[in-house]
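Chains as they are written, first to last, in the working numbering: chain A, 80 to 537; chain B, 80 to 537.
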């Protein structure tokens, strides 16, 4: 270990309590991007980050208008012209906290119990962003920082980053870098470091059906009109066949199949059926026939209802035929599917089946293409060595089932590959009540990012 | 016209403005039975009715504890032992007013515009109850009242009268009568009086599915577990075949078919396809193949979703796999179906199809058997003559698609037939926003009930 690296690691260990306090400050700002009543909190979170970057010695700090929620930018170029430049991506927005009654502690107050910190955004991804701040701070204070650093911190990841692609394109020079670091992916377990090489895409729709002009008395009119809730249920019910395959016309036409070698590697991953049962609480798994659970969760496309609403949902019995029904339906996509094509397939499916009395609409709320990245770059190898050193275990390369829109934008707009890692765990309940962060893994993550930075200078 | 009848009609006409003011007072009490936060309003409405009966000279007035919402009772026996006794049924509870944003005026303030009075409960059935009060008051003030009158006014009709059957059975002597008058049925149009001879029954269920132990990230776990919302949609989608018939096992086994003569009479009713299109606002009707719309709406059983909820229904896109899904599903039944048997059929259907990872439950929230009544009794003929006189048109005998639980109880528990009539119209938006009462029809209804009372004395 070089002196600089050792000093940086020492600094990080000495300052752990402060890093944790700072995470608590950021968590206390309920920066929910999906809910416009929280727009002032989004602004507060952006200001908090800008101030923090300033205190770390960053320059050109800006809270940039994107048309949506702002991007926070800052750069520290003290490594000099000959050193590589890394752009670190993060998001400071979080998912809504509801259903609130299922939380055991207030979602926007960092609550530590044993090794766990409970809060919305603890792991996804305020904890990851501040881990990277800690590593950068530790490396900077040694005076031997081997890499220039830019930060691009967005506030719309949880709503699908609707403005980010355009925004990155419009600010290419400011964001220019040699590669991107993206700590929004996770680990398989506290002892198993990993690097993600493929991400799924997303096509997220809201489908609305309107039948009668107003809610009807089910006694008076039951049997005469098509009920939009029954019709919507019927449409959704038909979107899978009895083998768990999606029936939208042409849905699988462009799906890039998993190759034999890849499936062999995936079979070695620790994520067997037991893993998925344990983390979801179900006794019997479900999915497309012919694929293992881990293949289905990361290498195959899906279609799921995310939300559904019609008619009377209050207490007791209201004998009403609802005039309207709504479902939020999303597909996770794999290379080489395109959200726009899936949108057309969904429209074609509905148009062919729906009862002619219905007015209907499909609105795409969010979309991202899937991505697959190279595994042999210098930066990915630097991260792999860092993880192996800190976690003392061989690094697994894996696919991730989620969507990280910015990975595609970095590639398309800036021409840079992303190093995807992160220190969230499957049991962290991302997007769910009682989201949590495993603190020992988080602390090792800071160390690993310090190793990564100094590996880049080798 | 006898002097007494003429005097009573004159009295009713002179007092119309007061009758309307009293209706406004009762409407202003939001007596929503389905929502327990309105229990104090239920009590206020009961007290208002008890006071009103007292002012009409009724005796033995009681607000009776039923175990649920109270029954208001009162009797006026001044016609004497040799005169017939009629028990008038009504309900003073109303449906919830939501969705509130679709109302053009406050739901609990009687708002008159031209010939229409807008308010929740205006037509269903505070308006009908007060029309009967007006007729009874008018007959009583002549001093020649030919019939004894009892009132049984319940507060749970809109939640399926869960305690009424037991309660009537427990108070047989108090409620003893020769026949019942029930003005909770409607008219076909302002110029077409009618008497209802058959009612549909109801079996109303809440179905709950639980899959994962908590809401899941759709990227991380999409493709590995059965989504309860998709599963519920699939179950509901399968509950009708492509001929619009219900697929619950054995559902049609006990259905009493419409006979040829009945279908011939129903074909003469003014309720053609145009009627149903106009009153529902749909361009194309839907339902069981082989039956006309009016047959389907009154003489055939149905299955409809009344409410449906799962996952995230707020603004924007939340990429969650919901842990739970709920649907309120109800069947309108015809003779000789039984709600308990339909409950068993629904359970059997779900058990046979549902994915084994689901915990599920079916709770019957409300149930009533269907009824068919004789058309040739003295009382029904008295009503028929009264309606013909006032509306100057032949009376149609018809089936009603809705459920009036008390009709079955009157027959089973008290051994009395009901005369079913009423002055609500199809376009009155019962159970919907902007419920309304057509005032000219309401005023004729008061006159018709006065004629009915004096016809009984002939």
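Think of the CB as a built atom: it goes at the ideal place given N, C-alpha and C, for glycine as much as any other residue.
{"Item": "Three-way DSSP call (helix, strand, coil) for residue 250 of chain B in this model", "Value": "coil"}
{"Item": "CA-to-CA distance, residue 460 of chain B to residue 176 of chain B, given in whole angstroms", "Value": "37 Å"}
{"Item": "Cβ-heavy atom distance, residue 536 of chain B to the ligand NAP, below 7 Å", "Value": "For the structure depicted, the ligand NAP is absent and the ligand set is empty, with no information on it obtainable."}
{"Item": "CB contact flag (residue 498 of chain B, residue 213 of chain B, <8 Å)", "Value": "no"}
{"Item": "Ranges of the beta strand (DSSP E) found wholly within the segment 255-306 of chain B, counting only runs of at least 3", "Value": "258-261, 273-278, 280-289"}
{"Item": "Below-8 Å beta-carbon distance, residue 506 of chain B vs any chain A residue", "Value": "no"}
{"Item": "Inter-residue Cα distance where the pair is residue 537 of chain B and residue 288 of chain B", "Value": "60 Å"}
{"Item": "Contact with chain A by residue 204 of chain B, beta-carbon distance below 8 Å", "Value": "no"}
{"Item": "Residue 442 of chain B - DSSP class collapsed to helix/strand/coil", "Value": "strand"}
{"Item": "Min CB distance residue 238 of chain B to chain A below 8 Å", "Value": "yes"}
{"Item": "Contact set for residue 131 of chain B: own chain, Cβ-Cβ below 8 Å, skip 5 residues either direction", "Value": "101, 212"}
{"Item": "Below-8 Å beta-carbon distance, residue 300 of chain A vs any chain B residue", "Value": "yes"}
{"Item": "Given 8 Å, three or more beta-carbon pairs between the segment 135-142 of chain A and the segment 510-518 of chain A", "Value": "no"}
{"Item": "The segment 387-407 of chain B: positions lying closer than 9 Å to chain A by Cβ", "Value": "387, 388, 389, 390, 391, 392, 393, 394, 395, 396, 397, 398, 399, 400, 401, 402, 404, 405, 406, 407"}
{"Item": "Opposing strand residues paired with residue 390 of chain B [DSSP bridges]", "Value": "A/386"}
{"Item": "Contact with chain B by residue 501 of chain A, beta-carbon distance below 8 Å", "Value": "no"}
{"Item": "Residue 335 of chain B to residue 409 of chain B span [Cα, whole Å]", "Value": "19 Å"}
{"Item": "Residue 129 of chain A, buried or exposed, once every other Cβ within 10 Å from all chains shown has been counted against 16", "Value": "buried"}
{"Item": "Residue 306 of chain A to residue 284 of chain B span [Cα, whole Å]", "Value": "17 Å"}
{"Item": "Distance, residue 491 of chain A Cα to residue 340 of chain A Cα", "Value": "27 Å"}
{"Item": "CB-CB length for residue 453 of chain A against residue 414 of chain A, believed under 8 Å", "Value": "The pair is not a contact, with the Cβ atoms about 14 Å apart (cut-off 8 Å)."}
{"Item": "Touching by the beta-carbon criterion (3+ pairs, under 8 Å), the segment 173-189 of chain A and the segment 88-96 of chain A", "Value": "no"}
{"Item": "Cβ shell of residue 293 of chain A (< 6 Å), same chain only, five flanking positions each side left out", "Value": "402"}
{"Item": "Which listed residue (B/317, B/268, B/152) has its alpha carbon closest to that of residue 309 of chain A", "Value": "B/317"}
{"Item": "Cα-Cα separation, residue 329 of chain A to residue 326 of chain B", "Value": "30 Å"}
{"Item": "Range of the contiguous alpha helix (DSSP H) that encloses residue 530 of chain B", "Value": "518-535"}
{"Item": "Residue 451 of chain B versus B/429, B/458, B/464, B/486, residue with shortest Cα-Cα distance", "Value": "B/486"}
{"Item": "DSSP state of residue 491 of chain B mapped onto helix, strand, coil", "Value": "helix"}
{"Item": "Opposing strand residues paired with residue 479 of chain B [DSSP bridges]", "Value": "B/278"}
{"Item": "Residue 155 of chain B versus residue 255 of chain B - alpha carbon distance", "Value": "13 Å"}
{"Item": "Limits of the beta strand (DSSP E) - the one that residue 497 of chain A falls within", "Value": "497-499"}
{"Item": "The alpha helix (DSSP H) enclosing residue 409 of chain B, as first and last residue numbers", "Value": "Unbroken run through residue 409 of chain B is the beta strand (DSSP E), 403-412; no alpha helix (DSSP H)."}
{"Item": "Residue-level contact to chain A via CB, residue 182 of chain B, 8 Å cutoff", "Value": "no"}
{"Item": "Within-8 Å CB hit, residue 510 of chain A to chain B", "Value": "yes"}
{"Item": "Start-end ranges of the alpha helix (DSSP H) lying completely within the segment 322-370 of chain A, minimum 4 residues", "Value": "339-347, 352-359"}
{"Item": "Under 9 Å by beta carbon: chain B residues contacting residue 114 of chain A", "Value": "393, 394, 395"}
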